[in-house]
Every structure is written in C-alpha cells, then in structure tokens.
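Input: a single structure, listed below in structure tokens.
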Amino acid sequence: MLNVFVFQDLLVNAVKARDVTGVTVALQKGADPNTTCSWKCSWPQATNTGDTVLYYAVVQQDTAVVKALLREENINIDKCDDDRPTALYNAIVNSNYAIAELLLLKGANPDRSSGHDCNTPLRAAIMKGNKQMVALLLQHKASVDLASGHYGRPPLFEAMLRAWKQLGICQLLLQHNANPDAKDGYGRPTLAVAAKLGYLGICRLLLQHNANPNGIRGYNSIYIAARNCRRDVIELIMEYHGDPQLPLDGSSHAAADVARAYGHNDLANWLCKQRKLTYRDAEDVGPSGTYRNESGLVFFHISSILENLSMISFILTILYQLEK
1 MLNVFVFQDL
11 LVNAVKARDV
21 TGVTVALQKG
31 ADPNTTCSWK
41 CSWPQATNTG
51 DTVLYYAVVQ
61 QDTAVVKALL
71 REENINIDKC
81 DDDRPTALYN
91 AIVNSNYAIA
101 ELLLLKGANP
111 DRSSGHDCNT
121 PLRAAIMKGN
131 KQMVALLLQH
141 KASVDLASGH
151 YGRPPLFEAM
161 LRAWKQLGIC
171 QLLLQHNANP
181 DAKDGYGRPT
191 LAVAAKLGYL
201 GICRLLLQHN
211 ANPNGIRGYN
221 SIYIAARNCR
231 RDVIELIMEY
241 HGDPQLPLDG
251 SSHAAADVAR
261 AYGHNDLANW
271 LCKQRKLTYR
281 DAEDVGPSGT
291 YRNESGLVFF
301 HISSILENLS
311 MISFILTILY
321 QLEK
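Residues in the sequence shown are numbered consecutively from 1, following the UniProt record's numbering.
Below you can see the structure in the form of structure tokens.
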C-alpha cells in the first residue's frame, strides 16, 4: 500500500514536470490516474487541493501528458469538486481544440456544468466566441437548448447577446435545431431581446427559423422594438406576419401607443398608417374588441387620432358610407 502512495506522489510530480515517461511509469506501477493534487494558478485554475492530475495537465495544455492519462481505462474524466470546473471546461476556456477533442472522444460529458458559475462547456465556447469549439461540442451531442449560468440562458440566447460578432454561432445552433423561441431565466424570448438591442441580422435569422413574430405573454417583440424606436426591426417582423395591432397584455394599447408613450411620435404615426381600416378587414385588425363599433369597424386609440387628423377624415368617410 505504501508503494502505491509513493507512486501517486511520483505521478503528481511527473505531471507537474511535464514528464511523460515519469507519468507512464507511475501509472504502470499502480498510481491512481484520478489522483488529486494541490497547486496555484489564476482562475479558473485557482489554488485548490481537489483537482485531478488530468485537470492539471489540461491547465498546462500538455497534450502528451493528457494522452498518457487518458490511456487509463479507469480514469474519471469529469471528476471535480462541486465548485470547480471540469477538465473539458478548462480546455474550452483555454481554446485548446486538440485537448478538448481528446477528452470528448474519451467520453467527457459535454453538458457537465463548471461548478460555481454553473456554466456548461457549450456556453463557455459561446462566450469565447469560438465557433470551431461550438461545432465540436455539438458534434459530440452537447444539448443545444440546455440553459446554464446564473441567469438561466440557453445557448442561442447567449449567442444572440453577442450577435454583432457571433452571427455564425447563432446560425450553427439553429442548424442543430436550437429552439428559436428559447427564453432566459426571466422568461424573455430571444427575439424580443434581439429586437430591443436592434440586432437586425439575428432578428431576421430567428424569424427565418420560425421564431414567433408576436412573441409571448408580456414580451411582444414589436412593442419592445416600438419602445426603443426601432422601425427597421418592426418592418422586418411585420414581413414575417408580426401584428403591430395586437393589444399589449393586460391593456388595450397598440404598438403605436407604446411608441408615443416613449416620445417616438414619428414612429407612432407610421404605425398608425399600417392599420387596415377597410370594413372588410375590420374583424381581423385592431388592438381589441373595445375599439369596434356595432358594424365591426376598428377605431384608433384617442392618442393616435389626435396626432393623425387625416385618418379621422378616413374613418368618418367610412362611417358615412355605412349609414347609407
């Protein structure tokens, strides 16, 4: 038994010294490949006594030692303390594709979270902007919709936040059937937040992959774009059958009212002009039933009418025709 402990110490020292021969000899003599060691380095390689020699080798980006350790059948690739990252996670943080591939081929869990910050390897790759690493993880069956991090963001949502430089990663995730309506831990859909940020490219990409153009309860993408004066985003969403006349949840206000409430009068007037006020279409338009008369004609919210006198004349003309 004493000899085993001696060889485990030899293994630790050999790994630290990048001595592949020493690592091989120690393992052949019965050293446990899951042996832990203490060492110091900057986060996520902070001072710790519970990291395995494999993790240490990954931190050193020592491919030869990693290969030697992975030859052991009983190695636990994902072994780590609850508040520590895995070897795979560290390889991704260090953008070491070769080592990450070795670990995945040996069976590393692509969905194992990193511990204290709850990040998955896929989220780490996205945060690094490493499309090649994202593709590698997806190839090894990483869960494309698995939320992670303190804010519960799915991978697509995380990539969307960086869409100005990561549109390619968003495309890759959607090609692997990521949910285009994925929501973060606060219930915000990806499209709604992209609309708020004015990321036109990602909005188009999400809509092309059948994201709901009208959003979900409390997060109507057109309303959010109207609040932020993004007519370009609104026009795009309307191309994909987004309806600017849907009422905001719990109110009778349309997108034009939201735009006006935030001082975007030109946008509000433009939104008013998008409404179809023909008698024939009256049943299919309008913010709510409270805006219809007995004939089904839709009326604007009073704030919109006051800013658009030409539409008042149009409404009165239709009313006159209906009375005949």
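All C-beta atoms in this analysis are idealised placements derived from N, C-alpha and C, irrespective of residue type, glycine included.
If you're wondering where the values come from, they're calculated on a predicted model, not measured in any experiment.
- If you look at Cys272, you'll find it in the alpha helix (DSSP H) that goes 265-273.
- For Cys170, the enclosing alpha helix (DSSP H) starts and ends at 163-175.
- The alpha-carbon separation between Leu27 and Ser95 amounts to approximately 28 Å.
- Across the structure, Lys131 and Gly168 are spaced so that their CA atoms are roughly 7 Å apart.
- Here Ala68 is near Val23, since their CB atoms are less than 8 Å apart.
- A direct Cα-Cα distance of roughly 11 Å separates Met127 from Ala163.
- At the C-beta level, Arg188 and Gly149 stay beyond 8 Å of one another.
- The continuous alpha helix (DSSP H) containing Lys196 extends over residues 190-197.
- Residue nearest to Leu137 within the set Val25, His253, Tyr97 is Tyr97 (criterion: CA-CA distance).
- Look at the segment 79-113 and you find these whole runs of alpha helix (DSSP H), each 4 residues long or longer: 87-93, 97-105.
- Rounded to the nearest whole angstrom, the C-alpha separation of Gly198 and Ala225 is 8 Å.
- Pairing Gly242 with Ile216 gives a Cβ-Cβ distance that is not under 8 Å.
- Taken through DSSP and simplified to helix, strand or coil, Tyr151 comes out as coil.
- The beta carbons of Asp78 and Ala125 sit no closer together than 8 Å.
- Pairing Tyr219 with Ala192 gives a Cβ-Cβ distance under 8 Å.
- With contacts defined by Cβ atoms closer than 8 Å, Cys203 and Leu174 do not form a contacting pair.
- Pairing Glu239 with Asp232, the inter-Cα distance amounts to about 11 Å.
- Closest option to Leu146, judged by alpha-carbon separation, among Pro121, Gly129, Leu161, Thr21: Pro121.
- Sorting Leu88, Leu200, Asn74 by C-alpha distance to the C-alpha of Leu161 places Leu200 at the top.
- Under DSSP, Thr36 forms a beta bridge with Thr52.
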